[in-house]
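Numbering (the numbering used here), first residue to last: 2 to 151.
We put the CB at the ideal spot given by N, CA and C, even for glycine.
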């Protein structure tokens, strides 16, 4: 359900050399087919990062393996929280990626798209509530439908 929504966000950019996908609520699980499978099919190397050192080590390794041609395409999944003490810092990558290839996933955005209701509270993006909703997404949507019906 949420995987298909994520695919609709990244699919139009499958020919871009760099995609930055911010996931502060950690909606995407590492190893999830939605990102890893899509990236493999489209020739992207995926970097799931929450720390700057890991990001730089992985990115430099990918660049070295690509060689002078530099033809490796990268999908960076920034998993740093919005309130992170030290957020990921990648101004060099942000300037390389066009603005339309830089996206932020939001649980509220998903719920608004799925239900067509723009009145979902921003509170659903909070850390504790988003964790509960993601873990129980089908039940959340069923409860929403039942409340709307009443």
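Quick check on the burial criterion: 16 or more other C-beta atoms within 10 angstroms. Buried or exposed for residue i?
i	result
residue 143	exposed
residue 79	buried
residue 151	exposed
residue 25	buried
The beta strand (DSSP E) spanning residue i covers which residue range?
i	result
residue 104	103-105
Go to residue i, then tell me how far its alpha helix (DSSP H) extends in each direction, as first and last residue.
i	result
residue 139	138-150
How is residue i classed by DSSP in three states: helix, strand or coil?
i	result
residue 89	coil
residue 112	helix
residue 98	coil
residue 126	helix
residue 120	coil
Looking at chain C, is there any beta carbon in it that lies within less than 8 Å of the beta carbon of residue i?
i	result
residue 146	Although the question refers to chain C, the structure presented lacks it and comprises just one protein chain.
Unbroken alpha helix (DSSP H) runs of length 4 or more, entirely within the region 9-44: which are they?
34-43
Length at least 4, wholly inside the region 50-77: the alpha helix (DSSP H) runs in chain order:
53-67
Do three or more CB pairs link the region 16-33 to the region 84-101 at distances below 8 Å?
yes
Count the C-beta pairs between the region 104-124 and the region 45-60 that are closer than 8 Å, then say yes if the count reaches three, no if not.
no
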